[in-house]
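Note sheet for the following structure.
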């Protein structure tokens with residue numbers, strides 16, 4: 001067998017260049033499913049995927065190792081910078097590295113480890129002669145990793161990683177010089193159209209937010225005789241508080257859209273003092289410091305040799321660069337929280353979306369250090385019912401003192417984490433969104449359109465559970481098998497539901513349009529809840545458990561759930577309860593057989609009225625709005 005020279009493509013611009021200049025010399029290795037789909041669509045060229053030669057179990061092992069390494073490193077950074085924290089923030093006990101970096105740092109390291117292990121598996125394959133990387137010194141916009149790039153602001157980030165790998169004398173990657181100039185940037189033309197559209201949306205969103213802010217100020221007058229509760233936007237299931245008379249009678253409600261506005265929305269019409277940078281962008285005297293005072297000499301990163309990466313030389317420069325760019329902004333958010341607390345003493349803090357990025361994280365940490373009770377609200381259907389590992393703790397549990405769950409209690413959490421982990425008080429309240437949907441759905445009856453099957457195309461939960469686009473090939477194979485099976489049924493009315501606005505650039509689009517152009521109804525312009533109302537399906541297919549599973553349980557449709565996802569899987573208790581209402585399959589073969597059985601009339605009998613799973617993990621008892629209101633007041637009274 002003739003060995004092959006491969007070329008790693010981590011950017012659409014490089015894919016364009018490959019098609020024009022290099023396709024006869026190299027076999028492409030696609031960094032993401034988006035690039036893989038692009039090559040197949042544009043030229044019909046098959047590419048190797050990053051994980052084609054790496055088993056899923058190995059990917060999971062890499063993820064755990066990387067997560068544990070970051071946890072240890074973050075603790076080291078914080079413990080070795082206490083004195084400097086005292087100079088900067090006036091508090092040595094602040095967990096600064098954790099709240100400003102932990103989650104995104106973890107995503108970045110997990111992605112790096114996975115990339116290296118995937119490439120090692122490719123280079124060790126007997127048919128591969130060499131693996132090359134196109135490199136011309138220009139900054140690269142990585143497809144599928146844009147959030148990490150925005151976080152660390154590196155140039156040629158993949159090349160820096162591969163240099164670190166080569167440094168450890170593992171199978172080398174060859175640098176291939178390519179003729180790309182600043183006038184021909186490494187970006188796909190559609191990226192510019194997308195940016196133009198996003199800028200238009202941002203302008204509209206700012207105007208809408210400004211209008212909403214004025215509405216809040218008109219609705220929620222400030223009273224000096226009330227306690228003050230800060231709501232950190234976005235609120236999701238807590239949105240109702242703005243119109244809750246019962247809550248407004250007891251509290252002044254102060255809203256802060258931290259990710260989009262450094263200035264809290266003061267409802268007492270009192271101007272905040274100037275805590276921003278000066279007109280030239282320089283830091284104010286308060287809180288100034290020398291970045292070199294922070295100790296980055298991390299022994300854990302230096303001594304790690306388990307993953308073939310020189311982690312210290314690769315990661316520490318990126319971390320330093322992050323703080324060089326972001327530290328003035330971090331200090332301003334800290335001062336904003338301090339100003340807010342000094343001017344309007346905050347008695348409670350509530351968030352509906354976990355503060356895992358540095359702006360909200362530093363504000364949340366300020367109130368923790370000032371002993372202000374913090375309340376968090378569950379915002380996704382997988383919490384409690386699925387195995388989620390460290391991500392659930394990093395995102396939610398470690399950022400609040402009280403946690404409002406949809407239905408599960410503290411016992412569910414304690415079974416998953418070591419005794420030394422700090423667990424908040426868990427208060428089951430139910431989901432406002434699911435409860436409202438149930439009322440809406442039941443009031444409309446079953447008078448809408450009718451289809452045989454509604455198939456929800458799952459996502460990879462990249463932002464939450466440290467999955468990444470590297471793993472999409474496995475999901476792609478799963479999804480194409482399901483689509484092929486559905487296409488085999490004649491005269492079957494089938495709707496494929498994609499995440500809103502994603503189908504035009506989805507990695508499955510080419511597959512569907514090439515093989516089954518007229519077989520399915522494809523939608524991505526309405527929510528899943530709305531699609532359930534409109535199409536009233538006989539059977540709902542759920543390939544990855546998430547909030548849509550809970551939404552589908554509201555209906556009287558039959559539900560078929562695939563429970564062998566490499567990202568999320570049901571706990572034994574959750575699977576036991578769900579099986580009373582839905583069909584749960586642990587292998588793709590069983591899943592496809594159950595689809596065929598259903599379409600041929602061999603239906604497994606389930607109690608479509610059973611609500612045990614929903615009550616445990618979704619709706620609880622009573623009205624969620626009343627439950628949350630009572631819990632806020634009771635918890636506040638108890639704390640005071």
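Residue numbers (my numbering): 1 to 640.
Just so you know, even glycine gets a beta-carbon here, dropped at the ideal spot from N, CA and C.
On the three-state DSSP scale, how would you describe residue 262? For residue 262, the secondary structure class from DSSP, reduced to helix, strand or coil, is coil.
Under 9 Å between the Cβ atoms of residue 498 and residue 452? For the pair residue 498 and residue 452, the CB atoms are not nearer than the 9 Å cut-off.
Inter-residue Cα distance where the pair is residue 572 and residue 163: Their Cα atoms are separated by approximately 44 Å.
Going by the CB atoms, is the gap between residue 570 and residue 386 shorter than 9 Å? Yes, these two residues count as a Cβ contact at 9 Å.
For a test of the three-state rule: what should DSSP assign to residue 5, helix, strand or coil? Taken through DSSP and simplified to helix, strand or coil, residue 5 comes out as strand.
Going by beta-carbon coordinates alone, are residue 92 and residue 293 separated by less than 9 Å? Judged by their CB atoms, residue 92 and residue 293 are not nearer to each other than the 9 Å cut-off.
Expressed to the nearest angstrom, what Euclidean distance is found between the alpha-carbon atoms of residue 624 and residue 407? Residue 624 and residue 407: Cα-Cα distance of roughly 10 Å.
In three-state terms, what does DSSP make of residue 119? Residue state, collapsed to three classes: helix.
Suppose you measure from the CA of residue 592 to the CA of residue 21; what does that come to, to the nearest Å? In a straight line, the C-alpha of residue 592 is about 42 Å away from that of residue 21.
DSSP puts residue 585 in a beta bridge; with which residues? Note: residue 585 sits in a beta bridge opposite 562.
Expressed to the nearest angstrom, what Euclidean distance is found between the alpha-carbon atoms of residue 228 and residue 256? Straight-line Cα distance between these residues: approximately 13 Å.
Taking the Cβ atom as the reference point for each residue, do residue 109 and residue 315 lie within a distance shorter than 9 Å? Going by C-beta atoms, residue 109 is nearer than 9 Å to residue 315.
Do you know how far the Cα of residue 124 is from the Cα of residue 54? When only Cα atoms are considered, residue 54 and residue 124 end up about 11 Å apart.
Using 9 Å as the threshold, is the C-beta distance between residue 77 and residue 240 below it? Taking 9 Å as the Cβ cut-off, residue 77 and residue 240 do not qualify as a contacting pair.
What's the gap between the Cα of residue 528 and the Cα of residue 440? One C-alpha to the other measures close to 14 Å.
Using CA atoms only, rank isn't needed, just tell me which of 8, 43, 36 and 6 is closest to residue 19. The shortest Cα separation from residue 19 among 8, 43, 36 and 6 belongs to 43.
Presumed contact (8 Å Cβ cut-off) between residue 45 and residue 29, rounded CB distance: Between the beta-carbon of residue 45 and that of residue 29 there is about 12 Å, and that puts the pair past the 8 Å contact cut.
At least three beta-carbon pairs within less than 8 Å, the segment 427–435 to the segment 610–622: At 8 Å Cβ cutoff, the stretches touch.
Does residue 49 come out as helix, strand or coil in the three-state DSSP assignment? Correct three-state label for residue 49: strand.
Given this structure, state the Cα-to-Cα distance separating residue 5 from residue 121, to the nearest angstrom. Computed Cα separation, rounded: 15 Å.
Is residue 453 close to chain B? Criterion is C-beta to C-beta, closer than 9 Å. The chain labelled as chain B is not found in the depicted structure, where only one protein chain is given.
Residue 418: buried (16+ other C-beta within 10 angstroms of its C-beta) or exposed? Classification for residue 418: exposed.
Host beta strand (DSSP E) of residue 455 (start-end): In the DSSP assignment, residue 455 falls within the unbroken beta strand (DSSP E) covering 453–456.
Taking the Cβ atom as the reference point for each residue, do residue 361 and residue 130 lie within a distance shorter than 9 Å? In this structure, residue 361 lies away from residue 130, with their beta-carbon atoms at least 9 Å apart.
Any chance you could list the beta strand (DSSP E) runs of at least 3 consecutive residues sitting entirely within the segment 467–528, in chain order? Complete beta strand (DSSP E) runs here, min 3: 494–497 and 521–523.
Curious, which full-length alpha helix (DSSP H) runs of at least 4 residues does the segment 581–636 contain? With a minimum length of 4 residues, the continuous alpha helix (DSSP H) runs that stay inside the segment 581–636 are 588–599 and 612–617.
Quickly, what does DSSP pair residue 539 with across the bridge? List them, please. Looking at the DSSP assignment, residue 539 forms a beta bridge with 453 and 558.
Which same chain residues end up closer than 6 Å to residue 82 when comparing Cβ atoms and leaving out the 5 residues on each side of it in sequence? When the five nearest sequence neighbours on each side are left out, the beta carbons in the same chain lying within less than 6 Å of the beta carbon of residue 82 are those of 92, in order along the chain.
Does the Cβ of residue 558 have 16 or more other Cβ atoms within 10 Å, making it buried, or fewer, making it exposed? Its Cβ being crowded by 16 or more others within 10 Å, residue 558 is buried.
Tell me residue 348's beta-bridge partners as DSSP assigns them. Beta-bridge partners assigned by DSSP to residue 348: 229.
Given residue 10 as reference, the closest of 384, 37 and 73 once Cα atoms are compared: For residue 10, the closest C-alpha among the options 384, 37 and 73 is that of 37.
DSSP beta-bridge partners for residue 552? DSSP lists no partner for residue 552.
Exposure label - residue 24; buried when at least 16 CB within 10 Å: It counts as exposed.
Exposure of residue 371, with buried meaning 16 or more beta-carbon neighbours within 10 Å: Exposed is the call here.
Taking C-alpha atoms, which residue in 346, 397 and 327 lies nearest to residue 352? Checking every option, the nearest Cα to that of residue 352 belongs to 397.
Status (buried if at least 16 other CB within 10 Å, exposed otherwise) for residue 580: The residue in question, residue 580, is exposed, as its Cβ has fewer than 16 Cβ neighbours within 10 Å.
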